[in-house]
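S.K.: Order-wise, the sequence lines are chains A and B.
Residue numbers for the first sequence follow the numbering used here, so the first one is 304 and each next one is one higher.
Residue numbers for the second sequence follow the numbering used here, so the first one is 46 and each next one is one higher.
Cβ atoms here follow ideal geometry from the backbone N, Cα and C, with glycine treated the same way.
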Amino acid sequence: MNQKTFGQALNEALAIALELDDTVFVAGEGVGISIHQDPNMPTQGLLQQFGPGRVKDTPVSEAAIAGLAVGASCMGLRPVVEIMFFPFITLASDMLINHAGKLRYMSGGKSSFPLTVRVKAGSGFGAGAQHSHNLEAWLAHCPGLKIVWPSTPQDAKGLLLSAIFDPDPVIVVEDMMLYRMPGDVPAGDIRTPLGKARLASAGTDCTIVAYGSALHTAMKAISPLAEQGICCEVIDLRSLVPLDKVCILESVRKTGRLVVVHESIRFCGFGAELAAMVAEEAFDSLKGPIRRVAAPKIPVPVAPTHEAVFKPGPQDVIQAVRETMGKRALS
Amino acid sequence: MTKDPISPEFRTYLYTCMVRIRKFEEKITALSQESERMRGMQILATGQEAVAAGITAALEPADVIISNHRSHGHLIARGADMKSLMAEIMAKETGVNGGKAGTLHLAIPEINALMTSTVVGAGPPMAVGAAFAQQYRHTGGITVVFFGDGAAAEGSVHEAMNLAGVWKLPVLFVCENNCWAGAQPHDVHCATQHIFKRAVGYDMPGKSVDGNDVEAVYRLAMELMEHCRSGKGPALMETMTYRMRGHGEQDHQHYVDPRELEMWAARCPIRCYGKQLLDEGILDEGRIRSIESDAETEVAASVAFADASPYPQPETALKDVFVQPPIA
Chain A
304 MNQKTFGQAL
314 NEALAIALEL
324 DDTVFVAGEG
334 VGISIHQDPN
344 MPTQGLLQQF
354 GPGRVKDTPV
364 SEAAIAGLAV
374 GASCMGLRPV
384 VEIMFFPFIT
394 LASDMLINHA
404 GKLRYMSGGK
414 SSFPLTVRVK
424 AGSGFGAGAQ
434 HSHNLEAWLA
444 HCPGLKIVWP
454 STPQDAKGLL
464 LSAIFDPDPV
474 IVVEDMMLYR
484 MPGDVPAGDI
494 RTPLGKARLA
504 SAGTDCTIVA
514 YGSALHTAMK
524 AISPLAEQGI
534 CCEVIDLRSL
544 VPLDKVCILE
554 SVRKTGRLVV
564 VHESIRFCGF
574 GAELAAMVAE
584 EAFDSLKGPI
594 RRVAAPKIPV
604 PVAPTHEAVF
614 KPGPQDVIQA
624 VRETMGKRAL
634 S
Chain B
46 MTKDPISPEF
56 RTYLYTCMVR
66 IRKFEEKITA
76 LSQESERMRG
86 MQILATGQEA
96 VAAGITAALE
106 PADVIISNHR
116 SHGHLIARGA
126 DMKSLMAEIM
136 AKETGVNGGK
146 AGTLHLAIPE
156 INALMTSTVV
166 GAGPPMAVGA
176 AFAQQYRHTG
186 GITVVFFGDG
196 AAAEGSVHEA
206 MNLAGVWKLP
216 VLFVCENNCW
226 AGAQPHDVHC
236 ATQHIFKRAV
246 GYDMPGKSVD
256 GNDVEAVYRL
266 AMELMEHCRS
276 GKGPALMETM
286 TYRMRGHGEQ
296 DHQHYVDPRE
306 LEMWAARCPI
316 RCYGKQLLDE
326 GILDEGRIRS
336 IESDAETEVA
346 ASVAFADASP
356 YPQPETALKD
366 VFVQPPIA
C-alpha cells in the first residue's frame, strides 16, 4: 500500500486515466496552471506530464466547460471537467441537467455522454455561501446523472477512475476538507464500483448512513456511543446514484434503526430520500424513528460560531442515535 | 453533382431540397389541427428552407450539425429518412428516436445530426464540445450549429463563442435571424441589428447573408467553412430570413402586421428560386410540377408509415436513461 493524501489519490487517478486512454482529456478553470502550487490539489502537475493538448485550461465559463463536456462526450471522447466550487454548478446546470442527463433518453438511446464532472465541495473553510453549498440532492433528483462522493483516499481514486470509464455522465463530488487526509491507496488502476456502499464499521443496534466528510463525523460518534452500550453500524454510501439500497436495507433489517448524516441542508436533502426509502421498504424492521442529522436551511455561514451551527458534529450524531434508541438526551 | 461552380444539377438539388422541406412542414401544419394524430408542440421553420438547404449542401460527410427546435429542415437536408422522421414527430415506435424525441429533440447521429436542443442557446456550447473532439482527433471535420436571433441573447452563446475563439475550434455558428423571438420583434429583444457583428468580440470572421437566397447562403457557407477547416478557428454566419409560421403551430401571430407577412411571402425562398431557375431555363414548368408532386408523394408515404406504426410499448418508457443502468 502507498500512503497518499486524498488529493494525491485523485491526482493519481487522473494521471492513470490520461495514460490509459487517449480519449480522456481534462479541462476546467486552472486545471493546468493553478493559483495553487500544492501537491494535494488533484490536477497538480498534470499539465507538465501530459501537455496542453490533454490538460486544458478554460476561460471562467462554466456553461462552456459543461457544454464542452457534453459535445465532446457525444462525439466519443471521455472529458473530465472541473467545476471549481459546488455552487458554481448552477451555472453549468443546463448542460448537465437538461442535456447530459436527458439527451440519451430523448435520442432513444442513440446518444451517450461518458463525461465526468469533478466538483469541489464542502464547508468549514470560512468561504461563505457562494463558495460552499452542497447540491447533491438537487442533482440526484434529475434523471440521467450518476453521483459519487468518496470519503477515503482509496475511494477517491477508485471512484474517479470508475467514473471516467463509466459510459454515463458522472458527477464526482470532492470534499475539499479531505484533500489533505492521508490513507492507504493501492497502486495502479483500481476501480471502486459505482453503486456499491462500503461497510465502514460493523454494528448491531443502529445503522448510520453517511458520505464524504459526514462519514468521518459519524465515525467519531461510534466510540462514545459504544461506551454507552450502543453498537452502531456505519455505512459509507460512496455512490448516491446508483444507490446501494440492498446494503442499506440489509443493515436496517439487522439493526432496526436508521440515522442519516450529511452536511447538506436537511429539508429536501438526500437524507430525506434515504429515510423515505427505508420507511417504504423496511418499515416492519424499524424499532425506532428514523433520524436525520443535517444542516439547517440557511446559507453556509462564515463566522466559525455560525459554521458550528450549520455543520453537524459528532455530538449531533450521538444525540440522534440516542433518540432513535429511545434514550433521553445526555445532559 | 458539381457543387462548385454551381451546376444546373446542383441548383436543381437545392430547389428540390427546399420543396421537400416545405411540403413536409406544410403537412405538419395540417396534421397539427388533428390532435389525435399530431400531439405536442410543433415548431416549424417554414420560410427558412434556404438556410437549411444552402448550409447543409456545403457540408462534407464527416461534418456534424447541431440543431434546435426548428430542426426539420436541417435534418431533411442532411439526409434524414423522411418516414422515420415523420414517425418520430408523431411519437411512434418506428421513429428515429423510438418516440422519445418527438418533434423537438430529434437526434440522428447516423447522419451526423448529432443533437438538437430546445433550450435556446444550448446548441453553441455543445457545438464547442463536438468541434473540440474533431480538433482533438484531427478528423478534419467541422461542426455547424444553428441557433436563432432570440437564442443569441443567452449567455451560453457568448461563452461558447469565446471558448471557440480562444481554442480556434472548427465550428461555424449559424444564426438564423428570423426577425422574431417568441412574440418579440428583433429590435425589442436584441441590442444590435446584426448578430454577426458580435464576431469581432471573439476574433472570428462574421458575415451576414440574405437567408432567403439559397445560392448566396451556400456560397457564404462554403467561404466560412473553408475558414473553419483551415485551422484558423470558428466563424459566425448570420442568415437574414423570416419565420412565416408563429413560435409554434398554436401561435397564430396576432402580433404580426399582415403586411409584413405578405412582404416576406413575396420573398419566399422557394418561389423566388423557382422563378429564377425557370427564367434561366434550368427548370421548366413540368419539372417544377414533378418535383412538387414527388415531394408530396414522399411526404404522404411518410405519414402513411407513421399512421401505420404503433406507439411505443409502455415498458420502454423506463429504458434509455443510462447506458449502464443502476444496479439498485
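Of all the residues that make up the region 398–418 of chain A, which are near chain B by a beta-carbon distance shorter than 7 Å?
M.R.: Answer in chain order: 398, 401, 402, 406, 407, 408, 409, 410, 411, 412, 413, 414, 415.
S.K.: Grouping DSSP H, G and I as helix and E and B as strand, with all else coil, what is residue 634 of chain A?
M.R.: One-based indexing of the first sequence puts residue 634 of chain A at position 331. Confidence in residue 634 of chain A is poor, its pLDDT being 49 and thus under 50, which makes the residue's placement too unreliable to answer from.
S.K.: Can you tell me where the beta strand (DSSP E) with residue 561 of chain A in it begins and where it stops?
M.R.: As a working note, residue 561 of chain A is residue 258 in the first sequence. Per DSSP, residue 561 of chain A belongs to the beta strand (DSSP E) from 561–568.
S.K.: Who does residue 308 of chain B pair with in a DSSP beta bridge?
M.R.: Position 263 of the second sequence, counting from 1, holds the residue named residue 308 of chain B. Per DSSP, none; premise fails for residue 308 of chain B.
S.K.: Using C-beta distances below 6 Å, list every residue in its chain close to residue 344 of chain B, excluding the 5 sequence neighbours before and after it, in chain order.
M.R.: Residue mapping note: residue 344 of chain B aligns to position 299 of the second sequence, counting from 1. If we look at residue 344 of chain B and ignore the five residues flanking it on each side, its Cβ neighbours are 68, 69, 72.
S.K.: Please classify residue 333 of chain B: does DSSP put it in a helix, a strand, or coil?
M.R.: Sequence index remark: in the second sequence, residue 333 of chain B carries index 288 (1-based). Residue 333 of chain B falls in the helix class under three-state DSSP.
S.K.: Report yes or no: is there a C-beta of chain A within less than 9 Å of the C-beta of residue 177 of chain B?
M.R.: Translated into positions along the second sequence, residue 177 of chain B becomes position 132. So yes, residue 177 of chain B belongs to the interface.
S.K.: Residue 385 of chain A bridges to which residues according to DSSP?
M.R.: The residue you call residue 385 of chain A lines up with position 82 of the first sequence. DSSP, once it has assigned bridges, lists A:331, A:421 as partnering residue 385 of chain A.
S.K.: I'd like to know whether the C-beta of residue 334 of chain A is nearer than 9 Å to at least one C-beta of chain B.
M.R.: For the purposes of this step, residue 334 of chain A is identified with residue 31 of the first sequence, where counting begins at 1. Not one chain B Cβ lies under 9 Å of residue 334 of chain A.
S.K.: For a contact meaning CB atoms closer than 8 Å, what does residue 447 of chain A contact in chain B?
M.R.: Position 144 of the first sequence, counting from 1, holds the residue named residue 447 of chain A. The contacting residues are 366, 367.
S.K.: Looking at the C-beta of residue 690 of chain A, does it have a partner C-beta in chain B at a distance below 9 Å?
M.R.: Examination of residue 690 of chain A is not possible in this model, given that chain A is present from 304 through 634 alone.
S.K.: Quick check on DSSP: helix, strand or coil for residue 354 of chain B?
M.R.: On the second sequence, position 309 is the one that residue 354 of chain B refers to. Three-state DSSP puts residue 354 of chain B in coil, outside helix and strand.
S.K.: Can you tell me the Cβ-Cβ gap for residue 308 of chain A and residue 482 of chain A, rounded? I've got them flagged as a contact below 8 Å.
M.R.: The residue you call residue 308 of chain A lines up with position 5 of the first sequence. The residue you call residue 482 of chain A lines up with position 179 of the first sequence. Contact flag correct, Cβ pair sits at about 7 Å.
S.K.: Counting only C-beta atoms, is residue 570 of chain A closer than 9 Å to chain B at any point?
M.R.: What you label residue 570 of chain A is simply residue 267 of the first sequence in a count that begins at 1. For residue 570 of chain A, the answer is no, since every Cβ of chain B falls outside 9 Å of its Cβ.
S.K.: In whole angstroms, what separates the C-alpha of residue 197 of chain B from that of residue 96 of chain B?
M.R.: As a first step, residue 197 of chain B is located in the second sequence; it is residue number 152 there, counting from the start. As a first step, residue 96 of chain B is located in the second sequence; it is residue number 51 there, counting from the start. Whole-angstrom Cα-Cα distance: 17 Å.
S.K.: Flag residue 369 of chain A as yes if its beta-carbon sits less than 9 Å from any beta-carbon of chain E, otherwise no.
M.R.: Among the protein chains of the structure shown, namely A and B, there is no chain E.
S.K.: If you pair each beta-carbon of the region 352–370 of chain B with each one of the region 130–140 of chain B, do three or more pairs fall below 8 Å?
M.R.: Output reads yes: the region 130–140 of chain B touches the region 352–370 of chain B.
S.K.: Can you name, in chain order, every residue of its own chain whose Cβ lies under 6 Å from the Cβ of residue 157 of chain B, other than the five neighbours on each side?
M.R.: To locate residue 157 of chain B, count along the second sequence from 1; it is residue 112. Taken in chain order, the residues that qualify are 109.
S.K.: Report buried or exposed for residue 525 of chain A, applying the criterion of at least 16 other Cβ atoms within 10 angstroms of its Cβ.
M.R.: Here residue 525 of chain A refers to the residue found at position 222 when the first sequence is read from its first residue. It counts as buried.
S.K.: At 9 Å on the CB atoms, spell out the chain B contacts of residue 327 of chain A, in chain order.
M.R.: Residue mapping note: residue 327 of chain A aligns to position 24 of the first sequence, counting from 1. Simply none; closest approach about 11 Å.
S.K.: Under 7 Å Cβ-Cβ, which residues of chain A neighbour residue 31 of chain B?
M.R.: Because chain B is modelled from 46 through 373, residue 31 of chain B falls outside the range shown and cannot be assessed.
S.K.: Would you mind sorting residue 322 of chain A into buried or exposed? The rule is 16 or more other CB atoms within 10 Å of its CB.
M.R.: Locating residue 322 of chain A in the first sequence gives position 19, counting from the first residue. The residue in question, residue 322 of chain A, is exposed, as its Cβ has fewer than 16 Cβ neighbours within 10 Å.
S.K.: Would you give the residue range spanned by the beta strand (DSSP E) that residue 336 of chain A belongs to?
M.R.: Translated into the one-based positions of the first sequence, residue 336 of chain A becomes position 33. No beta strand (DSSP E) holds residue 336 of chain A; DSSP gives it neither H nor E.
S.K.: Can you look up residue 526 of chain A in the DSSP assignment and give me helix, strand or coil?
M.R.: By 1-based counting over the first sequence, the position of residue 526 of chain A is 223. If DSSP states are grouped into helix, strand and coil, residue 526 of chain A belongs with the helices.
S.K.: What residues from chain B crowd round residue 362 of chain A, counting only those whose CB sits closer than 9 Å?
M.R.: Start at 1 with the first residue of the first sequence, and residue 362 of chain A comes out as number 59. Near residue 362 of chain A (Cβ distances below 9 Å), the residues of chain B are 204, 207, 208, 211.
S.K.: To the nearest angstrom, report how far apart residue 424 of chain A and residue 389 of chain A are at their CA atoms.
M.R.: The residue given as residue 424 of chain A occupies position 121 in the first sequence. The residue given as residue 389 of chain A occupies position 86 in the first sequence. Answer to the nearest angstrom: the Cα atoms are 5 Å apart.
S.K.: Under 9 Å, Cβ to Cβ, is there at least one residue of chain B near residue 380 of chain A?
M.R.: On the first sequence, position 77 is the one that residue 380 of chain A refers to. For residue 380 of chain A, the answer is yes, since a Cβ of chain B falls inside 9 Å of its Cβ.
S.K.: When Cβ atoms are compared, which residues of the region 125–142 of chain B fall closer than 7 Å to chain A?
M.R.: Of all residues in the region 125–142 of chain B, 142 have a Cβ within less than 7 Å of some Cβ in chain A.
S.K.: Excluding the 5 residues flanking residue 589 of chain A on each side, which residues of the same chain have their C-beta closer than 8 Å to its C-beta?
M.R.: Within the first sequence, residue 589 of chain A is the residue found at index 286, counting from 1. Here the set comprises 555, 559, 560, 561, 581, 582.
S.K.: Determine whether the Cβ of residue 390 of chain A lies closer than 9 Å to any Cβ atom of chain B.
M.R.: Locating residue 390 of chain A in the first sequence gives position 87, counting from the first residue. For residue 390 of chain A, the answer is no, since every Cβ of chain B falls outside 9 Å of its Cβ.
S.K.: Spatial neighbours of residue 523 of chain A within its chain, please: C-beta separation below 6 Å, excluding the five flanking residues on both sides.
M.R.: By one-based count along the first sequence, residue 523 of chain A stands at place 220. Result list for residue 523 of chain A: 617, in chain order.
S.K.: Could you please tell me which residues of the region 465–485 of chain A, in chain order, have their CB closer than 7 Å to any CB of chain B?
M.R.: Under the 7 Å Cβ criterion, the region 465–485 of chain A contributes 469, 470, 471.
S.K.: Would you please state the rounded distance, in angstroms, between the beta carbons of residue 208 of chain B and residue 270 of chain B? I believe it to be under 8 Å.
M.R.: Mapped onto the second sequence, residue 208 of chain B falls at position 163. Mapped onto the second sequence, residue 270 of chain B falls at position 225. With 8 Å as the limit, residue 208 of chain B and residue 270 of chain B do not qualify as a contact, their Cβ atoms being about 20 Å apart.
S.K.: Would you be able to state if there are at least three C-beta pairs under 8 Å between the region 480–497 of chain A and the region 429–444 of chain A?
M.R.: Output reads no: the region 480–497 of chain A does not touch the region 429–444 of chain A.
S.K.: Less than 9 Å between CB atoms is the rule here; does residue 119 of chain B satisfy it with respect to chain A?
M.R.: Counting from one through the second sequence, the residue named residue 119 of chain B turns up at place 74. By this cut-off, residue 119 of chain B is not an interface position.
S.K.: Can you check whether the C-beta of residue 458 of chain A is within less than 9 Å of a C-beta belonging to chain B?
M.R.: Sequence index remark: in the first sequence, residue 458 of chain A carries index 155 (1-based). Taking Cβ atoms only, chain B never reaches closer than 9 Å to residue 458 of chain A, which makes this a no.
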